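Peer 1: In full-length UniProt numbering, the protein residues as written are 1 to 554.
1. Report all residues from its chain with a CB closer than 7 Å to the CB of residue 544; omit the five preceding and five following residues, and keep chain order.
2. Can you list, in chain order, the stretches of the alpha helix (DSSP H) that have 4 or more residues and sit fully within the segment 204–270?
3. Less than 9 Å separating the beta-carbons of residue 167 and residue 146?
4. Could you check whether residue 156 and residue 130 sit closer than 9 Å to each other, using their CB atoms as the reference points?
5. Is the beta carbon of residue 412 less than 9 Å from the beta carbon of residue 467?
6. Any idea if residue 374 is buried or exposed, counting beta-carbon neighbours within 10 angstroms, 16 or more meaning buried?
7. Where do the ends of the beta strand (DSSP E) carrying residue 346 lie?
8. Does the segment 436–444 come close enough to the segment 519–527 to have 3 or more Cβ pairs within less than 8 Å?
9. Following the continuous alpha helix (DSSP H) through residue 144, name the residue where it begins and the one where it ends.
10. For the 8 Å Cβ check, are there 3 or more pairs between the segment 92–103 and the segment 25–45?
11. Quick one: what does DSSP say residue 116 is sitting in, helix, strand or coil?
12. Where does residue 637 fall in DSSP's three states?
13. Whole angstroms are fine: how far does the CA of residue 518 sit from the CA of residue 250?
14. Whole angstroms is fine: what's the gap from residue 55's alpha carbon to residue 78's?
15. Find the nearest neighbour of residue 246 within the set 61, 138, 275, judged by alpha-carbon distance.
16. Is residue 530 helix, strand or coil when you go by DSSP?
17. Suppose you measure from the CA of residue 193 to the CA of residue 277; what does that come to, to the nearest Å?
18. Just mark residue 65 as buried or exposed, buried being the case when its beta carbon has 16 or more other beta carbons within 10 Å.
19. Candidates 133, 313, 259: which alpha carbon is nearest residue 271's?
20. Quick check: residue 253 and residue 211, are their CB atoms within less than 9 Å of each other?
21. Is it the case that the Cβ atoms of residue 341 and residue 384 are separated by a distance below 9 Å?
22. Can you tell me the Cα-Cα spacing of residue 177 and residue 220, whole angstroms?
23. Where residue 325 and residue 380 are concerned, what is the direct C-alpha to C-alpha distance, given to the nearest angstrom?
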């Protein structure tokens, strides 16, 4: 292992000594040219077998560095023309595997007791070459080729650990080919071979998620979390027979990505998130939100930012009827983000990220990054007030709910949009859209509580402004019609009702589906903002319109 991580200087020195013994020189040659010269010029019979074994060692070195072309070229030199011709006829599909299989292993010398035979090394080279090429094809999106090569590797010479990894890669390949059931077969095979191949469990959960089998997905995630929590068994000491092993030759970024280690808390969050998405809020509430700070976040982590985890927990608590707990969790988010938000946050078009490197580009990029962070903090704090508003509303405390919704809207006034206000730079557009959605939900929420308090005119203003923010929003439109009707402005109510009922009822939903998905912590607020009873109101308006039509005709 340490040799592969260093430089193959020992092999090079050996080749130079062979040339020196034969009266030749190759100091100025690269390693590939040096091998070519040695194999062409050294004809001493007793050196042929050692050179062949040294060539296999060099091939292992180059495989570990993913220099597949160099390996193929070397085995072309090591094999005879007769061997290459035979391999071409029988294999013909994959050049590298063909030339490795065509190589005739030199007989082992009785006076040289090697701990690993050249024959075994050849088998390991074949397995590693198939595995490496399969991973390359998988990364390139050539899934049929990847499947064929990985299946070749699975039939090769390797440990149970590597075999389980190969089956895991086969499962991922089948999943990307749109064959989820075949993927499950490969992944279950990986776990049968080596249950310590825990990444296979995460892929099993992902396949069940794709199939929409939530119970099976949650079961897989639970098993994954429990397995991660157990102390792993002590690694078995490797037999000295396997000095060169497949795992030493195959370590690529794509394999590391497929077999990525998951932190137990990350899996716990995934489990909780799926419970929340599926409406299983009691299971979500059983998770401990204090786990989040323990996890080192990187680009591949499934965990969102910590305030989002808290807001999702508040959402679950609210859905489970634990409104006071939800208020407490949101208070934590609000207090932690208060000092991170400037009093005024300007969003301008001129901060657009430049496409090419220009003087000052790094400064602009830094400003965008800071602006994005400020907008995120503002969204989290405003969402905290939004959740608190809905929680107080569910507790029957309309005045306190109005206060929290008003604080949410007041916070959002810190954002000042400059320029067109429509063509924001793509870097911060998602954050701006989330803020707009929070403003809409807060206005609808405050309007509903004004209705509860009998303050119909103030409710009307909130619903009118809601429709200015999101024209055609069904909840805002329904509440507006209801408020006008309650204010005895029946003609206006009927006109608005006709206006919105004539538009396509699925249009708004379709537009929402085409946009970016809402953060999970806002979904419950969106559900609470839905107009609860439209049919009685619609019948009353229809009766009114019918009576008005009769009066006109008479």
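For each residue, glycine too, the CB sits at the ideal point set by N, CA and C. Note that the structure is a prediction, hence the values are computed from the model and not measured.
Peer 2: Let's see:
1. 490, 494
2. 214–229, 246–249, 253–258
3. no
4. yes
5. no
6. buried
7. 345–347
8. yes
9. 143–154
10. no
11. coil
12. No statement about residue 637 is possible, as the shown extent of the chain runs from 1 to 554 and does not include it.
13. 40 Å
14. 7 Å
15. 61
16. coil
17. 33 Å
18. exposed
19. 313
20. no
21. no
22. 22 Å
23. 17 Å
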